[in-house]
Amino acid sequence: MVTGGPVLEREAQLSVLATRLADASRGCGSVVLVEGEAGAGKSTLLRAASADVESWWGYCDPSDTPRVLGPFVDLASGPAALDLAPDPWDVNTAFLKALRHRVEPVLVVVEDVHWADGASLALLQFLGRRIADSCVVLGLTYRADEVGAPLNRLLGDLARHPETLTRLQVGPLSPDAVAALTRGTDLDPVEVYAVTAGNAFFVTELARAASGVPANVRDVVLARNSRLPAPAQELIALVATEPGGLELDQCDQAAVDDAAGVLEVQGTLVRFRHELARRATYEGMTVIQRRTRHRQRLVALSARPAAPARLAHHALATSEAGLVLRYVEPAAQEALNRGSWNEAAALLESVLTLGGPMSPGPRADVLLGQAEVFAHLDLQLRSRDSVREAAAHADLAHDPVLIGRCLNALARAEWRAGDPAASARALERALAVLEPWGSTVTMADTLRTRGHHLMLARQHAQAMRFIHRAEDVAAAVGDETVQLRVRMIEGTIELVTGDPERGVVVLLAALEDAKRAGLFSVVMDILGMLGSGGGEVRRYEDAFRWNGELIGLAEDRDHDYTVAYATAWQARIRFEQGRWDEAAELVRISRDGECAPISTATALGVLGRLRVRRGDPRADEPLAEVASLGRLELQHRWPALCASAELHWLSGAHGRGIEELQSAYLQAMDTDSAWARGEVAFWLWRNGALDRAPAGAAEPFAAQISGDWRAAADLWRAIGCPYEEALALIDGDAEASVAGLEILDRLGARPAAQRTRRALATLGIVSPRAPRRSTLVDPLGLTEREAEIRALVLTGLPNADIARRLFISRRTVEHHVSSVLRKSGVESRNDLDCLVRSPT
Numbered sequence: 045m046v047t048g049g050p051v052l053e054r055e056a057q058l059s060v061l062a063t064r065l066a067d068a069s070r071g072c073g074s075v076v077l078v079e080g081e082a083g084a085g086k087s088t089l090l091r092a093a094s095a096d097v098e099s100w101w102g103y104c105d106p107s108d109t110p111r112v113l114g115p116f117v118d119l120a121s122g123p124a125a126l127d128l129a130p131d132p133w134d135v136n137t138a139f140l141k142a143l144r145h146r147v148e149p150v151l152v153v154v155e156d157v158h159w160a161d162g163a164s165l166a167l168l169q170f171l172g173r174r175i176a177d178s179c180v181v182l183g184l185t186y187r188a189d190e191v192g193a194p195l196n197r198l199l200g201d202l203a204r205h206p207e208t209l210t211r212l213q214v215g216p217l218s219p220d221a222v223a224a225l226t227r228g229t230d231l232d233p234v235e236v237y238a239v240t241a242g243n244a245f246f247v248t249e250l251a252r253a254a255s256g257v258p259a260n261v262r263d264v265v266l267a268r269n270s271r272l273p274a275p276a277q278e279l280i281a282l283v284a285t286e287p288g289g290l291e292l293d294q295c296d297q298a299a300v301d302d303a304a305g306v307l308e309v310q311g312t313l314v315r316f317r318h319e320l321a322r323r324a325t326y327e328g329m330t331v332i333q334r335r336t337r338h339r340q341r342l343v344a345l346s347a348r349p350a351a352p353a354r355l356a357h358h359a360l361a362t363s364e365a366g367l368v369l370r371y372v373e374p375a376a377q378e379a380l381n382r383g384s385w386n387e388a389a390a391l392l393e394s395v396l397t398l399g400g401p402m403s404p405g406p407r408a409d410v411l412l413g414q415a416e417v418f419a420h421l422d423l424q425l426r427s428r429d430s431v432r433e434a435a436a437h438a439d440l441a442h443d444p445v446l447i448g449r450c451l452n453a454l455a456r457a458e459w460r461a462g463d464p465a466a467s468a469r470a471l472e473r474a475l476a477v478l479e480p481w482g483s484t485v486t487m488a489d490t491l492r493t494r495g496h497h498l499m500l501a502r503q504h505a506q507a508m509r510f511i512h513r514a515e516d517v518a519a520a521v522g523d524e525t526v527q528l529r530v531r532m533i534e535g536t537i538e539l540v541t542g543d544p545e546r547g548v549v550v551l552l553a554a555l556e557d558a559k560r561a562g563l564f565s566v567v568m569d570i571l572g573m574l575g576s577g578g579g580e581v582r583r584y585e586d587a588f589r590w591n592g593e594l595i596g597l598a599e600d601r602d603h604d605y606t607v608a609y610a611t612a613w614q615a616r617i618r619f620e621q622g623r624w625d626e627a628a629e630l631v632r633i634s635r636d637g638e639c640a641p642i643s644t645a646t647a648l649g650v651l652g653r654l655r656v657r658r659g660d661p662r663a664d665e666p667l668a669e670v671a672s673l674g675r676l677e678l679q680h681r682w683p684a685l686c687a688s689a690e691l692h693w694l695s696g697a698h699g700r701g702i703e704e705l706q707s708a709y710l711q712a713m714d715t716d717s718a719w720a721r722g723e724v725a726f727w728l729w730r731n732g733a734l735d736r737a738p739a740g741a742a743e744p745f746a747a748q749i750s751g752d753w754r755a756a757a758d759l760w761r762a763i764g765c766p767y768e769e770a771l772a773l774i775d776g777d778a779e780a781s782v783a784g785l786e787i788l789d790r791l792g793a794r795p796a797a798q799r800t801r802r803a804l805a806t807l808g809i810v811s812p813r814a815p816r817r818s819t820l821v822d823p824l825g826l827t828e829r830e831a832e833i834r835a836l837v838l839t840g841l842p843n844a845d846i847a848r849r850l851f852i853s854r855r856t857v858e859h860h861v862s863s864v865l866r867k868s869g870v871e872s873r874n875d876l877d878c879l880v881r882s883p884t
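The structure is reproduced here in structure tokens:
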């Protein structure tokens, strides 16, 4: 919002903005963060910068119930001319498409992002990651003293792309500028500077009032308002209750004209010229006056289409329980649908605390919605508490289907909170309650949940019993989502413990059906099962590709948790294939931000195993962190537990290796996972605690434990696990041991290689010398993956095409390209091309 007056002492910032807009005219878009206190002149700066270029403006409102996608509603109704689709990701895609279709530069301004709702922040993150190849400068204004955790996450994400990010600070005016603004008035510039501290808005308001220097700007605003005609004063008071502005067609034009010094018309809305003036006006009213005017607005808005968040804003301000119940819950539902999770949480809390007495059934529904929000925000303990309270109210309502729904939700919450046993108990109760009521949607989903959890625990025989029942009930009630999830679980069970080929066929067919039905969450889950399940059974290249497809899909929708988990699985796959440099880089990228526990366990397991096998320091630290996540399913923990036992084997502390694996061995034997049984048993055998392979152990491990090192080596070679092949060979004769040592040397597995050399020396066999590090390292220090990407860069492929070809994320490619450029001593792709092709 314009502060008015000349733009003083902003030449440097205007020059930077002019440069960014010039870059945009060449198709190089960017994000400009404009930070300053309220009234510093951020908006004035951007309006001055846009004097000779098209600009689009959207506003975030200082409301307790901010408009969902508020600034983008403004943009959509303006020059962008877009429809806001129901699916938030369709909105993202539509805005990105509109920006990329620009051939002339445009400045897109979103004001006051410290007030932005969650859906708007998610959309800004989406655009910020993809703005580079556009003709757009995205200007975001904010106040540093009002930045909270949600905006911090956006700022942190933008900072990961320094090539497209510019930060501008709009500070206070100097005494000289204050003197210039007050010239021609009776004000003492020294006194004005002392009172305002150089705040541009305060200085401008005082210069306009020119009536002495009051203690604060509110007195100036209220004094000026009081001199206006009564209709103008009433209009100003009404607009003060509308942070987003009041429709022009609801205003008396004469009053608008009389209030022109305070209000301004922006498109179809009448707004305060500055938020500080609105706040001063609002705070100048009594509580009764505020509530009366909020009721007026609620009556007026109820007679015409109005955003649920706007109605909720006025309802909450009346403090009337009936109005809160009527208007706030729809606003919470809209926030849920749009992905504004923090706003939904706050609104639902308002319903529960301010909505007055509620009957048990409706209260349980609100609490279930709150639990869903907390789960998405990864506040799992709070989610569980909300579901427990919902279940208690469902009991009071004597509604068996609602009770079953609450217990099903409680089971999922307990599982996410890390208590599978409590989850199983909740599901048993849910099924007992629902059984007498026959086939219902809730019954189908509860049976599916139980089968899914048993599948994750790799207790597949039990899982199938529940899955078959879920399939029958889902078919009876016509629940397509449950039917697809049932097929997903069946396919995963077949992949992991049955016929992998058939399992893949089942999963891929379910995947295509989920895509056709537009069930995005099911699509993501099926790809996750293919990627992680395929990796678990050593179908490495297929699993790496499926994880890559999942990463691409999740990146398109900024689903960072999913990206992190799939990337961690890609790291595990490359580690087991002996591509350790690439695995290390993928681990680093997967942990670049917040991670869910299963992502953390998977990535840390790889990191710890890398350190163990390379002989790097502090190998025990990531392994101990995984061990602390003891309530996670065994499938996420057993590689790290085996790595810890391997560390003890390499150091000769066999007793500790046995101690740490005993409990995991019992858990593995309680699962249907051949690979869990095999690997845990193998490291117990290595540490001297087993003398035979358990039933159901994976064939390569079973062969080696039984003494058939040749068969084990052949199996590992066929699968593509060179380290495990080497461990099998060093159990053989002298010739095989030397061959195994060569593999260990090639991998850089120093501890196992040293152990093998010592064993050969005791037999009087002279082993090959350990290679010098210089023979193992690329001349530029490039890893295997970096060398591969360097070659693709030199063909001219853009990052997105490289990502698709290699089945990795765009962010991973960006990391590798930056590393290649740095190690090559150049700053750009063009410089690298010139360096390679120069005849030196």
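Under our numbering, the final residue of the sequence shown carries the number 884; numbering is consecutive throughout.
Every residue, glycine too, gets a C-beta built ideally from N, C-alpha and C.
CA nearest to the CA of residue i, picked from the options
i, options, result
"Ser-781", "Cys-765, Arg-754, Asp-108 and Arg-834", "Arg-754"
"Lys-141", "Asp-177, Leu-250, Val-222 and Ala-356", "Asp-177"
"Ala-553", "Gln-527, Gly-792 and Gln-57", "Gln-527"
"Glu-479", "Phe-510, Leu-826 and Ala-461", "Phe-510"
"Ala-251", "Arg-268, Leu-231 and Asp-201", "Leu-231"
"Ala-610", "Arg-583, Ser-643 and Arg-601", "Ser-643"
"Glu-779", "Leu-804, Trp-719, Arg-111 and Gly-228", "Leu-804"
"Ala-598", "Glu-580, Ile-570 and Ala-304", "Ile-570"
"Arg-813", "Thr-806, Ala-797, Leu-826 and Arg-268", "Ala-797"
"Ile-763", "Arg-618, Leu-58 and Arg-700", "Arg-618"
Limits of the unbroken alpha helix (DSSP H) element including residue i
i, result
"Thr-226", "219 to 226"
"Thr-63", "55 to 69"
"Leu-345", "331 to 346"
"Val-150", "Segment 150 to 155 is the beta strand (DSSP E) holding Val-150; no alpha helix (DSSP H) there."
"Glu-515", "504 to 521"
"Gly-792", "Unbroken run through Gly-792: none, as it is neither H nor E."
"Gly-579", "564 to 580"
"Gln-169", "162 to 174"
"Met-402", "No alpha helix (DSSP H) contains Met-402, which DSSP labels as neither H nor E."
"Gly-649", "641 to 658"
Endpoints, the beta strand (DSSP E) within which residue i is located
i, result
"Glu-327", "Where Glu-327 is concerned, there is no enclosing beta strand (DSSP E), although the alpha helix (DSSP H) it sits in stretches over 319 to 327."
"Glu-98", "98 to 103"
"Val-314", "313 to 316"
"Thr-185", "180 to 186"
Same chain, Cβ closer than 6 Å to residue i, neighbours up to 5 away in sequence not counted
i, result
"Arg-866", "none"
"Asp-586", "Gly-578"
"Leu-471", "Ala-455 and Arg-494"
"Glu-373", "Val-395"
"Pro-883", "In this predicted model, Pro-883 has a pLDDT of only 47, less than 50, meaning its place in the structure is not dependable; the value taken from the coordinates is given anyway. None."
"Thr-63", "none"
"Gly-172", "Val-75 and Leu-202"
"Glu-515", "Val-530"
Neighbourhood of residue i by C-beta distance below 8 Å, restricted to the same chain and skipping five residues each side
i, result
"Pro-275", "Asp-296, Ala-298, Ala-299 and Asp-302"
"Val-257", "Residue confidence for Val-257 is low, a pLDDT of 46 falling below 50, so the modelled location carries little weight; the figure read from the coordinates is stated next. Closer than 8 Å at Cβ, skipping near neighbours: Leu-231, Asp-232, Glu-235, Val-236, Val-239 and Leu-250."
"Val-60", "Val-76, Thr-210 and Leu-212"
Per DSSP, the bridge partner or partners of residue i
i, result
"Gln-213", "Glu-79"
"Glu-308", "Arg-315"
Neighbourhood of residue i by C-beta, 7 Å cutoff - its chain only, sequence neighbours within 5 removed
i, result
"Met-508", "Ile-537"
"Gly-575", "Ala-587, Trp-590, Asn-591, Leu-594, Ala-610 and Trp-613"
"Arg-337", "Ala-281, Leu-282 and Thr-285"
"Gln-213", "Glu-79 and Gly-80"
Proximity test, Cβ basis, 9 Å: residue i and chain C
i, result
"His-698", "Of the chains in the structure shown, none is chain C; there is only one protein chain."
Stretch-stretch touch, CB-based, cutoff 8 Å, three pairs: the region 656 to 674 with the region 824 to 833: Cβ pair count under 8 Å is below three, so no.
The region 187 to 194 / the region 218 to 225 touching (three or more Cβ pairs under 8 Å): no
Three or more C-beta pairs below 8 Å linking the region 310 to 324 and the region 338 to 358: no
Meets three-Cβ-pair contact criterion under 8 Å: the region 381 to 389 and the region 362 to 369: no
Any 3 or more C-beta pairs closer than 8 Å across the region 556 to 568 and the region 540 to 547: no
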